[in-house]
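For reference, the structure discussed in these notes is given below.
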Amino acid sequence: VGALLSALRAERLLDQTLVLVAGDHGESLGRHGEQTHSIFCYESTLRVPLFVRDPGGQRDVDRGVDRVGGLVGRRSDALVSLVDVFPTFVEALQLGDVGDVDGQSLFRRAVDPGRGAYFESYAGHLAYGWRPIAGWIDAHGKYIHGSPPQYLDPRQDPDETHDLLPGAGLHAARARAAISALARRRRLSPGAHESVDAATREQVRALGYAGVSDPSAKLPEPLAEQGLPDPRGRLHELQAYYRATALGARGDYAEALPLLQAMIADNPHNVLAITLLGAFQYKLGQYREAIATLESIPAGKRDQANVREFLGHSYERLGEYDQALEQYRLALELKPGDAHHLQDVARVTQLQAAGRGSER
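Shown next as structure tokens:
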């Protein structure tokens, strides 16, 4: 950010440029049993900063009014969301009506104190087969839909350890109604992802957010009940996965195998554990076992570049070059232009040619 601002200043463009900087997520760092992010929806991962520098904004504003686009050098506790970024820029650039979108423009206007914001996490559902998490936060508090549901007050209870649901029935009902109304709104068509160009898909994959998604999968509605386990009740599985990854980071692959196998026996839907088991089996030279493990991943979730890469490496080590080349090409489709996958394809193509030449 500093480099960007310095460049704008050097080009004398800073006072002509609206700058908006947003965080994507925080890190739990062990809170609620989560080491990183994506599984749970607590404030340690959800609450991120939004910085706005508006050269044309109001510099002298009433401190009692939360203006995001008009605040310069001041801090606001107004509730905003990343879905507000798009309509904010559309209005700032005078590009016309944004249409039916979830967000609200923050450009030089007061934030509605009565607004709420939706949040969700489908990471546990896609990677572990758990129920997804959905919720709603507003000035009254924070509702998390689950088994059981929770109602929290992050302002008074920043650690989010005190469930207020027994005395917050009305607020919880309103939050559920807001989630239900949002779920009924217009959504992207099932094939919308296909219109995204390969370069954009690769940029998203490079950030680590498209690894276990299956575009063809039908995701549960936010308030739907499927009888799936709640992530909060599967902390032991999450902790076991953390232990397995730590063992792998030290090169203790053999020690990690029984831990991963036990996890998969307990939860056959744990795609992360299956993928890690196959990778560790490959590292140990158990190529046939690695292939069997990775091929057991459901077809839609098998389309991850690292899965295809380990399958290709395993087939290559076994001398099965046709199968290896197929996997490397699939990996290259998932990560177009990736240097490692290009090298894999070139190497195995040469090995195939050499093998056919020796047969003549």
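Here the sequence shown is numbered in our numbering, starting from 722 and rising by one per residue. Ideal placement from N, C-alpha and C gives every residue a C-beta, glycine not left out.
Verify whether the separation of the beta carbon atoms of Ala1013 and Phe1031 is less than 8 Å.
-> Numbered from 1 along the sequence shown, position 292 holds the residue referred to as residue 1013. Numbered from 1 along the sequence shown, position 310 holds the residue referred to as residue 1031. No.
In or out: Asp973 buried (at least 16 other Cβ within 10 Å) or exposed?
-> For this step, residue 973 is matched to residue 252 along the sequence shown. Asp973 is exposed by the Cβ-count criterion.
For the stretch 969-983 and the stretch 869-879, state whether three or more C-beta atom pairs, one from each stretch, are separated by less than 8 Å.
-> no
Where the alpha helix (DSSP H) through Tyr1049 begins and ends | What you label residue 1049 is simply residue 328 of the sequence shown in a count that begins at 1. First-last of the alpha helix (DSSP H) with Tyr1049: Tyr1042 to Leu1055.
For Arg1023 and Arg1029, the rounded distance between their alpha carbons | As a working note, residue 1029 is residue 308 in the sequence shown. As a working note, residue 1023 is residue 302 in the sequence shown. Cα to Cα, the separation comes out at about 8 Å.
Among Tyr872, Arg905 and Ala902, which has the Cα closest to the Cα of Leu891?
-> Taking the sequence shown and counting its residues from 1, one reaches residue 891 at position 170. Of the listed residues, the one whose Cα sits closest to Leu891 is Tyr872.
Helix or strand or just coil, what does DSSP make of Glu841?
-> What you label residue 841 is simply residue 120 of the sequence shown in a count that begins at 1. Glu841: strand per DSSP, three-state reduction.
Any contact of the stretch 952-963 with the stretch 812-832, i.e. 3+ C-beta pairs under 8 Å?
-> no
Leaving out five residues before and five after Val786 in sequence, what residues of the same chain have Cβ atoms less than 7 Å from its Cβ?
-> As a position in the sequence shown, residue 786 is number 65, starting the count at 1. Residue confidence for Val786 is low, a pLDDT of 47 falling below 50, so the modelled location carries little weight; the figure read from the coordinates is stated next. So the list reads Ala831, once near-sequence residues are dropped.
Any idea what DSSP makes of Pro835, helix, strand or coil?
-> Position 114 of the sequence shown, counted from the start, is the residue given in the question as residue 835. Inspection of the sequence shows that residue 835 is occupied by Gly rather than by Pro. Reduced to three states, the DSSP call for Gly835 is coil.
Write down every uninterrupted run of the alpha helix (DSSP H) in the stretch 798-830 whose length is 4 residues or greater and which is fully enclosed by it, in chain order.
-> 806-813
Strand pairing of Arg774, partner residues [DSSP] | For the purposes of this step, residue 774 is identified with residue 53 of the sequence shown, where counting begins at 1. Note: Arg774 sits in a beta bridge opposite Val740.
What three-state label does DSSP hand His883 in the structure shown?
-> Here residue 883 corresponds to residue number 162 of the sequence shown, with the count starting at 1. In the structure shown, His883 sits in coil (DSSP, three-state: anything other than H, G, I, E or B).
Cβ of Ala970 within 8 Å of any chain B Cβ | The chain inventory of the structure shown lacks chain B, comprising one protein chain alone.
Confirm, please, whether the CB-CB distance from Glu881 to Tyr763 is below 8 Å.
-> If you number the sequence shown from 1, residue 763 lands on position 42. If you number the sequence shown from 1, residue 881 lands on position 160. In contact: Tyr763 and Glu881 (Cβ atoms closer than 8 Å).
Is Val789 helix, strand or coil when you go by DSSP?
-> Residue 789 sits at position 68 when you count from the first residue of the sequence shown. A caution first: Val789 carries a pLDDT of 49, below 50, which makes its placement in the model unreliable, though a value can still be read off. Coil, per DSSP.
Classification of Ala961 by the beta-carbon crowding that lies within 10 angstroms, buried from 16 upward = Translated into positions along the sequence shown, residue 961 becomes position 240. Buried, by the Cβ-count rule.
Answer yes or no: the CB of Val804 versus the heavy atoms of the ligand SAM, is any distance below 7 Å?
-> With respect to the ligand SAM, the structure shown offers nothing to examine, as it has no ligands at all.
Where does Ala855 sit, in a helix, a strand or coil, going by DSSP?
-> Residue numbering aside, residue 855 sits at position 134 when the sequence shown is read from its first letter. If DSSP states are grouped into helix, strand and coil, Ala855 belongs with the strands.
Span of the alpha helix (DSSP H), counted from its first residue to its last, around His866 = As a first step, residue 866 must be located in the sequence shown, where it is residue number 145. Careful: His866 lies outside any alpha helix (DSSP H), inside the beta strand (DSSP E) at Lys863 to His866.
With DSSP as the reference, please indicate the residues paired to Gln871 in a beta bridge.
-> What you label residue 871 is simply residue 150 of the sequence shown in a count that begins at 1. DSSP, once it has assigned bridges, lists Ile865 as partnering Gln871.
Find the nearest neighbour of Arg964 within the set Pro989, Glu946, Leu993 and Leu940, judged by alpha-carbon distance.
-> Position 243 of the sequence shown, counted from the start, is the residue given in the question as residue 964. Considering only alpha carbons, the answer is Leu993.
Pro1019 - DSSP class collapsed to helix/strand/coil | Along the sequence shown, one-based indexing puts residue 1019 at 298. Residue state, collapsed to three classes: coil.
Please state whether DSSP places Asn991 in a helix, a strand or coil.
-> Here residue 991 refers to the residue found at position 270 when the sequence shown is read from its first residue. Coil.
Cβ-based burial, Thr766 [other Cβ within 10 Å; buried from 16] = Sequence index remark: in the sequence shown, residue 766 carries index 45 (1-based). Looking at its Cβ environment, which holds 16 or more other Cβ atoms inside 10 Å, Thr766 is buried.
Compute the Euclidean distance between the alpha carbons of Ala731 and Pro950, then round it to the nearest angstrom.
-> The residue you call residue 731 lines up with position 10 of the sequence shown. The residue you call residue 950 lines up with position 229 of the sequence shown. Whole-angstrom Cα-Cα distance: 55 Å.
Touch check for the stretch 892-910 and the stretch 837-849: three-plus C-beta pairs under 8 Å?
-> yes
On the premise that Pro776 lies in contact with Gln737, defined as a C-beta separation below 8 Å, what is that separation, rounded to the nearest angstrom?
-> Stepping through the sequence shown from its first residue, residue 737 is reached at position 16. Stepping through the sequence shown from its first residue, residue 776 is reached at position 55. At roughly 7 Å, the Cβ-Cβ gap stays under 8 Å, so Gln737 and Pro776 are in contact.
Using beta-carbon positions only, say whether Val769 and Val742 come within less than 8 Å of one another.
-> Here residue 769 refers to the residue found at position 48 when the sequence shown is read from its first residue. Here residue 742 refers to the residue found at position 21 when the sequence shown is read from its first residue. For Val769 and Val742, no; Cβs fall outside 8 Å.
Nearest-angstrom Cα separation, counted from Ile858 out to Gln1071 = What you label residue 1071 is simply residue 350 of the sequence shown in a count that begins at 1. What you label residue 858 is simply residue 137 of the sequence shown in a count that begins at 1. Gln1071 and Ile858: Cα-Cα distance of roughly 57 Å.
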